[in-house]
Amino acid sequence: MNRTILFACGLLALGIGRLDAQALGFDPYFSHPGYAQDLGLALLPASTPDITKIGEMSTTDVMAKYSIDSHFEVGARASFGFLHDQADALSSLTLGGRYLWQEDLSVAIHLTPQNEAGALGLSLGALGSFHFTELDLDTKFELGLLDGYTPVGTSLHLLVRPSRHLHRGITGFIDLDVMSNTDDLGEHLSVLMGPNVEIELDEGWRINTGAFFSVMSGAFAADTELGFRLAIQRYLSLR
C-alpha cells in the first residue's frame with residue numbers, strides 16, 4: 005500500500021447519462037491516512053452526466069488532505085458549478101477526518117455545511133483493505149445522514165475494488181459502486197461498474213484511465229450507458 009503524498013493534476017471524469025449523487029467523503033480516491041505531515045492535493049476539472057454538455061452540466065472539484073500523524077488525517081473537498089447552468093458557484097463543501105484504527109482498517113467522519121440542499125450533511129464510513137496471493141481488495145462502506153445528504157432515510161454507499169498487478173508498473177482495477185437508501189432499498193438501488201488501469205510512468209508519476217457504466221439505476225441515479233475517466237497523478241513526500 006502506498007501511503008505517500010498525493011498530488012493529482014489533470015484529472016478528468018466524464019460520464020454519459022449519469023451524474024452520481026453527492027459524494028459522502030472528501031477524498032475522490034481510495035486511501036488510508038498517510039504518514040505524518042503528508043499532504044495530498046487533487047483536482048477534478050470536469051465531471052458531467054453528458055459528454056455533449058460538458059460546458060453546461062459539469063462540476064469541478066478540488067481536494068486537499070493532511071496527515072497530522074501516522075494515524076489521523078483531515079481533509080476538505082469543494083465542488084464548483086462554474087460549468088453547470090443549474091448549480092451554484094460553490095455547490096458543496098465537505099470537511100472530514102479519517103483515523104487508521106489498525107493496519108488496513110480506517111474509520112471516517114465527514115460534515116457538509118454547504119450543498120445544493122441548503123442543509124447540513126453528516127456521513128460516517130469505514131475503509132478496509134485485504135491482501136491475497138495475486139489480488140488486493142479495497143472496500144468502503146458509508147452512511148449519509150441528515151438532510152444535506154438525503155431528504156429521506158439514510159443514504160448507503162458500498163465500494164468494492166479488486167486490483168491485480170498486471171505488468172511492471174501496471175495495475176488493473178474494477179470499481180463496483182453500490183448505492184441505495186434505507187427508505188426503500190430496492191427502489192433506490194443503483195450499481196455502477198468501472199474497470200480501469202493505473203500505469204506508473206516515472207518515479208512519483210502515474211496515470212489512471214478507464215470506463216464506467218450502470219449495471220442498475222435507482223430512483224436517485226440516472227442510467228449511464230458508458231463513461232470515461234482519465235487521471236494523471238503525482239506522488240510526493242515532503243519529509
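First residue of the sequence shown: 5, per our numbering; consecutive thereafter. Built from N, CA and C at the ideal position, the CB exists for glycine as well.
So what's residue i in DSSP terms, helix, strand or just coil?
| i | result |
| --- | --- |
| A25 | Confidence is the limiting factor: at A25 the pLDDT is only 48, short of 50, which leaves the residue's position unreliable and the question unanswerable from this model. |
| G44 | strand |
| I236 | strand |
| L160 | strand |
| G79 | strand |
| L126 | strand |
| R102 | strand |
| I178 | strand |
| Y39 | coil |
Taking the continuous alpha helix (DSSP H) assigned at residue i, which residues delimit it?
| i | result |
| --- | --- |
| G198 | G198 -> not in any alpha helix (DSSP H); beta strand (DSSP E) instead, spanning 194-206. |
Tell me the residue span of the beta strand (DSSP E) that contains residue i.
| i | result |
| --- | --- |
| T143 | 140-149 |
| L242 | It is not in any beta strand (DSSP E) - L242 carries neither H nor E in the DSSP assignment. |
| N119 | Segment: none, N119 is in no beta strand (DSSP E) and carries neither H nor E. |
| T213 | 209-220 |
Could you tell me which residues DSSP puts in a beta bridge with residue i?
| i | result |
| --- | --- |
| P166 | L141 |
| E191 | None; E191 has no bridge partner. |
| A96 | Residue identity check: residue 96 is Ser in the sequence provided, not Ala. DSSP output for S96 lists S83 as bridge partner(s). |
| D65 | L48, S83 |
| F134 | L141 |
| S74 | According to DSSP, which records beta bridges pairwise, S74 is partnered with nothing at all. |
Would you please state the rounded distance, in angstroms, between the beta carbons of residue i and residue j? I believe it to be under 8 Å.
| i | j | result |
| --- | --- | --- |
| L131 | S110 | 4 Å |
| E146 | S133 | Wrong, their Cβ atoms sit about 16 Å apart, outside the cutoff. |
| F216 | L196 | 6 Å |
| F30 | H114 | 6 Å |
Contact between the region 159-166 and the region 65-80 is defined here as three or more beta-carbon pairs at a separation below 8 Å; is this criterion met?
A contact between stretches requires three or more CB pairs, one per stretch, nearer than 8 Å, and the region 159-166 fails this requirement with the region 65-80.
Three or more C-beta pairs below 8 Å linking the region 71-79 and the region 97-111:
The region 71-79 and the region 97-111 touch, with no fewer than 3 CB-CB distances between them shorter than 8 Å.
Are the region 128-143 and the region 167-187 in contact at 8 Å, needing three or more beta carbon pairs?
Look at the beta carbons and you see the region 128-143 touching the region 167-187: at least three pairs across the two are nearer than 8 Å.
Quick check: the region 205-215 against the region 185-193, are at least 3 beta-carbon pairs closer than 8 Å?
Three or more Cβ pairs closer than 8 Å define a contact, and the region 185-193 falls short of that threshold against the region 205-215.
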